[in-house]
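In what follows, a structure is listed as structure tokens, so that the remarks can point back to it.
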Amino acid sequence: MRHKTVYRCSECGADAPKWMGWCPACSASGTLAEEVLLPVGTSVAPSVPIPIAEAVGDATEPVPTGDSELDRVLGGGLVPGSVTVVGGEPGVGKSTLLLQALASVAARGATCLYVTAEESARQVALRAERLGVSVPSLWLVAETSLPRVAGHLEALAPAVVVVDSIQTVFDPDLGTAPGSVGQVRGCAQRLVTEAKARGVSVVLVGHVTKDGALAGPRVLEHLVDTVLAFEGDRHHALRMLRAVKHRFGSTHELGLFEMGESGLVGVPDPSALFLADRQPGVPGSVVAPVLDGWRPLLVEVQALVVPSTAPAPRRTAQGVDGGRLAQVLAVLDRHAGLDVGRAEVHVAVAGGVRVSEPGADLAVALAVASSATGRPVPADLVTCGEIGLGGELRQVQRTERRLSEAARLGFGRALVPRSAPDAPDGMRLDRVTSIGEAVHDRVFRPQPVAL
Ligand code: TYD
Ligand code: MG
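Quick note: the sequence shown uses the numbering used here, first residue 1, plus one each step.
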């Protein structure tokens, strides 16, 4: 018997009776995919309620991959039977990351399978050679057909399988073209079923579109347990791994790597790395302890303010939000008497780091003020705080953790909002209430000169 089908939009979930090039409900184009409707009542076995106390502790424990940065983001490792998607732009290093991770799992004795559906086995083998990967229990197969992948899972019974990528495998039973929305979703669904049935950890590579969303159906994110985003800037070696969704743990951890000649190397002490090339005592340079997820990072915020005769002088912001910079400049003008309207203003976070939280406001403001006046801030000073539109300073979350990180790296002074918690050992706090006070009284007041 042929089942009834509908065409369902992968963006909004609306149904259409026939295929169209765009969704009649949300107008997204190319998002309708055929779906089989199962007759009501033919679904799965009846569900049985259980006392929640019996279910507690029933969750499977994550198994460490041995890659400390990946394990940090996953909250310990890969959970058997789970499905993880690693999304990222082409060239960021997804294949490298997963081949290394798989080699690390295999080196601990577990059987692992790398399915390449995009590159040839030879290309992957060349990468493995470059990475120095040769582990007997790591298997490689070039395969795009999903039923055959399932066959390999049956035969090899690996603990972990990587499928690179979910956009290039296809299931002929689905009837739609390889790479289509229906294929991506159908294949992911089938792999979820395989993962649960066999207890194998499935890791899928997923390409992302220019705006950073996973290509293919958004529903992919709903189907899997974990979605990791792998990011980096083409001109820097730094790579960041974050959990966007994580059914087994927090999404607040950050993994950091550097892409080198022989693969990705974890960065256990990023603050030291970011500050390695800093020139202390230069006007326009201010160190800020910021948070990425829950990980405190010390970054150098730099500003360069130069006179301009242009009617609308340039402003550039690298690593900080341009809108946020404009706001800080407006507050500096109104509440600190620092007018940079006739100057070019460039602000950058050194090292290719992106700061997307208000904790860096105060550092941006001080860097601009420092460059505009040509007066450096003390070399052992850090600062963090949010600037309100009234020029008031507000404490930011986890200030204690940020300051401890600064103290660990040898910073002895911190300029903070008045309500900030006590300083860690070995650090002195300068508490200020407003941006005006911060700029004039504390940082730029004449320093006592030792005789
Ligand atoms: P790759 O893992 O192929 O990226 P993705 O799968 O996300 O498309 O790696 C892409 C880049 O990384 C490529 O330009 C070469 C570079 N690379 C290194 O710099 N060092 C290395 O050891 C490897 C394997 C790759
Ligand atoms: Mg790749």
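Every residue, glycine too, gets a C-beta built ideally from N, C-alpha and C. Note that the structure is predicted; figures quoted are calculated from it, not measured.
For a test of the three-state rule: what should DSSP assign to residue i, helix, strand or coil?
| i | result |
| --- | --- |
| residue 417 | strand |
| residue 229 | strand |
| residue 221 | helix |
| residue 120 | coil |
| residue 205 | strand |
| residue 94 | helix |
| residue 61 | coil |
| residue 302 | strand |
| residue 253 | coil |
| residue 113 | strand |
| residue 6 | strand |
| residue 11 | coil |
| residue 196 | helix |
| residue 52 | helix |
Can you give the Cα-Cα distance for residue i and residue j, rounded to whole angstroms?
| i | j | result |
| --- | --- | --- |
| residue 75 | residue 256 | 14 Å |
| residue 440 | residue 434 | 10 Å |
| residue 79 | residue 62 | 4 Å |
| residue 373 | residue 338 | 9 Å |
| residue 454 | residue 203 | In the structure as shown, the chain begins at 1 and stops at 451. Residue 454 is therefore absent and cannot be evaluated. |
| residue 388 | residue 432 | 13 Å |
| residue 319 | residue 363 | 13 Å |
| residue 149 | residue 118 | 14 Å |
| residue 10 | residue 23 | 9 Å |
| residue 297 | residue 250 | 18 Å |
| residue 17 | residue 393 | 57 Å |
| residue 174 | residue 108 | 37 Å |
| residue 6 | residue 21 | 14 Å |
| residue 336 | residue 390 | 11 Å |
Is residue i near the ligand MG, with its Cβ less than 7 Å from a heavy atom?
| i | result |
| --- | --- |
| residue 89 | no |
| residue 95 | yes |
| residue 143 | no |
| residue 124 | no |
| residue 205 | yes |
| residue 441 | no |
| residue 71 | no |
Below 7 Å, is the gap between the Cβ of residue i and the nearest heavy atom of the ligand SAH?
| i | result |
| --- | --- |
| residue 432 | Although the ligand SAH was asked about, the structure shown includes only the ligand TYD and the ligand MG as ligands. |
How is the alpha helix (DSSP H) around residue i delimited, first residue to last?
| i | result |
| --- | --- |
| residue 367 | 361 to 373 |
| residue 154 | 146 to 156 |
| residue 274 | 270 to 275 |
| residue 430 | Per DSSP, residue 430 belongs to no alpha helix (DSSP H); it is in the beta strand (DSSP E), 428 to 432. |
| residue 174 | No alpha helix (DSSP H) holds residue 174; DSSP gives it neither H nor E. |
| residue 70 | 68 to 74 |
Can you find a heavy atom of the ligand TYD that lies under 7 Å from the Cβ of residue i?
| i | result |
| --- | --- |
| residue 306 | no |
| residue 13 | no |
| residue 231 | no |
Which residues mark the beginning and the end of the beta strand (DSSP E) in which residue i is found?
| i | result |
| --- | --- |
| residue 138 | 138 to 142 |
| residue 315 | 315 to 318 |
Is residue i close to chain D? Criterion is C-beta to C-beta, closer than 8 Å.
| i | result |
| --- | --- |
| residue 396 | The chain labelled as chain D is not found in the depicted structure, where only one protein chain is given. |
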